[in-house]
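Have a look at the structure below, then the notes.
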Amino acid sequence: MIRRKLKGPLDGEVQHHSPKFIPIGLPGDPPYEHIDHCLNSLRESLMCNPDLTPVVWQWDETQRRTSPKIDVVHTCIDFRPIQEWAKKWKLPYPPNDTIRVVDDWIHSPPKLGT
């Protein structure tokens, strides 16, 4: 969604969050809060689970300067268990944010893998 807001959809891509229907808006507006949530999730991922793979810079004789090698091999996790856990514990869509919960009890799903 963030990339689409900044650059628009890729060729042939269906744009579900069209700026025509969901403008970025102002703080407090639901679309703005959604983008804020997405940016915060990215920030947390970068801070809590950084990719420590070194970026190698190499001399490029053609350009007569160093440049980063972006073809460095990264080791990724198996994302399927995370997707299965998320499907099992997802909220009903769309969640009803107009209902006030009186007590402070929050149902926490079990940790991934349990």
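By my numbering, the letter at position 110 of the sequence shown is numbered 124, and the numbering carries on one by one without gaps.
Ideal placement from N, C-alpha and C gives every residue a C-beta, glycine not left out.
Continuous beta strand (DSSP E) stretch holding Arg-79: start and end: Where Arg-79 is concerned, the enclosing beta strand (DSSP E) stretches over 79–82.
Where the beta strand (DSSP E) through Trp-71 begins and ends: For Trp-71, the uninterrupted beta strand (DSSP E) segment begins and ends at 71–74.
So is Trp-71 in contact with chain D if we call contact Cβ pairs under 8 Å? Among the chains of the structure shown, chain D does not appear; only one protein chain is present.
Alpha carbon of Ser-59 to alpha carbon of His-48, nearest angstrom: So the alpha carbons of these two residues sit roughly 17 Å apart.
Local conformation of Phe-35 per DSSP, three classes: Note on Phe-35: pLDDT 42, under 50, position unreliable in the model; no value is reported.
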